[in-house]
Amino acid sequence: MEATARAHTNIALIKYWGKKDTALKTPLMSSLSMTLDAFYTDTTFIHDSNLTEDSFYLNKIKQNDNNSERVFNYIHHLQKLFNLKGHFTIYSTNHVPTSAGLASSASAFAALATAFAKSYQLDLSLTDLSRLARSGSGSATRSIFGGFVKWIKGNDQTSIAVPIDQNPDWDLHMLAVEVNTGVKKISSSKGMIQAQTSPFYLPWLERNDEEITMMENAIKSKNFTKLGELAELSANEMHATNLTATPSFTYFEPQTLKLIKLIQELRSQGIECYYTIDAGPNVKILAQKNNLSAISSAVHTLLDNVKIVDASFGPGVKFLD
Ligand code: ADP
Ligand code: DP6
Ligand code: CO
1 MEATARAHTN
11 IALIKYWGKK
21 DTALKTPLMS
31 SLSMTLDAFY
41 TDTTFIHDSN
51 LTEDSFYLNK
61 IKQNDNNSER
71 VFNYIHHLQK
81 LFNLKGHFTI
91 YSTNHVPTSA
101 GLASSASAFA
111 ALATAFAKSY
121 QLDLSLTDLS
131 RLARSGSGSA
141 TRSIFGGFVK
151 WIKGNDQTSI
161 AVPIDQNPDW
171 DLHMLAVEVN
181 TGVKKISSSK
191 GMIQAQTSPF
201 YLPWLERNDE
211 EITMMENAIK
221 SKNFTKLGEL
231 AELSANEMHA
241 TNLTATPSFT
251 YFEPQTLKLI
261 KLIQELRSQG
271 IECYYTIDAG
281 PNVKILAQKN
291 NLSAISSAVH
301 TLLDNVKIVD
311 ASFGPGVKFL
321 D
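Numbering of the sequence shown is given in UniProt numbering, commencing with residue 1 and proceeding in unit increments.
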């Protein structure tokens with residue numbers, strides 16, 4: 001009747017930015033991510049025959065119809081899939097800014113799919129859960145597993161997440177620089193549709209298999225330089241499709257660009273670090289442990305008022321009782 005799950009967010013090193021099927025959320029490309037320890041969502045799903053309506057509480061606040069629509073449609077879709085009925089209540093808490101390009105939809109739908117499945121005592125594997133999470137938000141597919149995770153392109157059946165290394169023995173960090181945690185104007189779902197009008201979209205897609213293979217090799221050989229260069233390239237390719245879309249758009253803000261330049265400058269000084277940026281203005285800096293404090297002080301010197309969250313590898317989804 002009731003179950004609670006925790007899922008951590010993940011940030012893609014090779015980006016997902018486009019769907020083959022909008023309803024099923026099957027992707028046009030494979031992607032590869034790092035699950036983070038510092039950001040997560042806790043979600044309780046309750047179904048009870050005494051309930052007279054569906055409700056969704058986010059961070060203790062009851063959400064209106066507009067803000068609940070996506071979640072309600074998702075649960076109705078799952079209920080249909082498993083031949084289930086009945087009203088439900090969802091309580092969710094984001095330990096991550098919502099709709100700001102810090103991947104709240106990834107942890108949110110991974111936690112929701114998992115809590116839903118347990119509350120109905122569905123006997124599902126983690127692979128099944130990754131497929132279920134996918135139909136809520138594409139990036140949620142990968143948050144079922146910890147560490148490095150690949151989400152393979154394919155059809156509804158075959159497009160699932162595969163753990164590459166759930167507990168990497170590597171002091172790799174991601175510093176999340178929170179430039180602006182306000183709600184983005186263009187959701188990820190909308191942005192990735194618009195990006196497909198870019199003349200660079202198809203050429204980017206053609207490179208996907210090769211970029212995934214190169215990233216997997218960088219991970220296997222613990223080659224930080226290769227991993228960082230590829231991650232930065234994938235993010236730049238994605239943001240280039242936004243800038244060259246019709247109409248053109250960007251998630252970058254002035255501080256985003258200042259940080260890009262700072263990271264380039266730090267690299268030229270021998271402080272090795274790379275950036276990745278998602279559908280929002282916030283910048284995530286990839287670095288190894290020995291350089292974290294130098295990078296943080298440089299960011300604080302450049303921008304007074306930004307919060308930096310130090311994240312490393314996080315675990316896969318789990319139940320909270
Ligand atoms: P983000 O960059 O945060 O992933 P998206 O545009 O991909 O932003 O997704 C934001 C949407 O995800 C929200 O509008 C909401 O529908 C959904 N979402 C975020 N957090 C939760 C949550 N805890 N439970 C359910 N849905 C959520
Ligand atoms: C830029 O998974 O949030 O973060 O599938 O429409 O819910 P929907 O989109 P979402 O898109 C994430 C895009 C990205 C890159 C990535 O996570 O791979
Ligand atoms: Co998202």
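We treat Cβ as the ideally placed atom computed from N, Cα and C, and that holds for glycine. Keep in mind it's a predicted model, so treat the numbers as computed, not measured.
*Note down the Cα distance separating L78 from K15, rounded to an integer number of angstroms.*
26 Å
*Can you tell me where the beta strand (DSSP E) with I164 in it begins and where it stops?*
A161 to D165
_If you reduce the DSSP assignment to three classes, tell me which class Q264 lands in._
helix
*Under 8 Å, do E253 and V179 count as touching if we go by C-beta distance?*
Contact flag set, yes.
*List the whole-angstrom C-beta distance separating D308 from L175, where the pair is believed to meet the contact cut-off of C-beta under 8 Å.*
The sequence as given places Ile at residue 308; Asp does not occur at that position. Their Cβ separation, rounded to whole angstroms, is 5 Å, which keeps I308 and L175 in contact under 8 Å.
_On the DSSP bridge list, what partners appear for Q288?_
L172
*Helix, strand or coil at Y57 [DSSP, three-state]*: strand
*Can you check DSSP and say which residues form a bridge with S92?*
T43 and L58
*Sort E211, G146 and H239 by Cα distance to K226 and report the nearest one.*
E211
*Mind checking who D310 pairs with in its DSSP beta bridge?*
Among the bridge pairs identified by DSSP, D310 is matched with L175.
*asked:* Looking at ligand 2, does it come within less than 7 Å of W17, judged from the CB to the closest heavy atom?
replied: yes
_Supposed contact pair D169 and I219 - C-beta distance, whole angstroms, cut 8 Å_ = Going by Cβ atoms, the distance from I219 to D169 rounds to 12 Å, so no, they are not a contact pair.
*Is it the case that the Cβ atoms of A235 and L266 are separated by a distance below 8 Å?*
no
_Closer than 7 Å: K153 CB and nearest ligand 2 heavy atom_ = No, ligand 2 has no heavy atom inside 7 Å of this Cβ.
*Using 7 Å as the cut-off, classify the Cβ of S143 as near or not near the heavy atoms of ligand 3, replying yes or no.*
no
_Let me check you understand the geometry: is the CB of A103 closer than 7 Å to at least one non-hydrogen atom of ligand 3?_
yes
*Quick one: is the Cβ of A106 within less than 7 Å of any heavy atom of ligand 3?*
yes
*Between the Cα of S139 and those of N64, G228, K184 and T9, spot the shortest distance and give me the residue it belongs to.*
T9
*Locate the alpha helix (DSSP H) running through T213, then write down its first and last residues.*
N208 to K220
_Bridge-paired residues (DSSP) for R6_ = D42 and K318
_Which same chain residues end up closer than 8 Å to L233 when comparing Cβ atoms and leaving out the 5 residues on each side of it in sequence?_
E211
*For T26, which three-state DSSP category applies?*
Reduced to three states, the DSSP call for T26 is strand.
*Heavy atom of ligand 3 less than 7 Å from the Cβ of S137, yes or no?*
Yes, Cβ of S137 sits closer than 7 Å to a heavy atom of ligand 3.
*Please name the residue in I186, A311 and S119 whose C-alpha comes closest to that of T44.*
S119
*Below 7 Å CB to CB, which residues in the same chain sit around E53 once its five sequence neighbours on both sides are set aside?*
H87
*Check whether the Cβ of S188 sits closer than 7 Å to any heavy atom of ligand 3, and report yes or no.*
yes
*Helix, strand or coil: how does DSSP classify Y74 here?*
helix
*asked:* Would Y257 and L302 qualify as a contact pair, given that the criterion is a beta-carbon distance under 8 Å?
replied: The sequence as given places Leu at residue 257; Tyr does not occur at that position. Their beta carbons are not under 8 Å apart, which means L257 does not touch L302 by this criterion.
*Go to I193, then tell me how far its beta strand (DSSP E) extends in each direction, as first and last residue.*
Note, I193: premise wrong, no beta strand (DSSP E); alpha helix (DSSP H) at S188 to Q194.
*asked:* Rounded to the nearest angstrom, what separates M215 and G182 at their Cα positions?
replied: Each residue's CA atom was taken as its position, placing M215 and G182 some 31 Å apart.
*What residue range is occupied by the uninterrupted beta strand (DSSP E) comprising F148?*
F148 to W151
*In the DSSP assignment, find the alpha helix (DSSP H) that holds K118 and state where it starts and stops.*
Where K118 is concerned, the enclosing alpha helix (DSSP H) stretches over S104 to S119.
*On the three-state DSSP scale, how would you describe V283?*
strand
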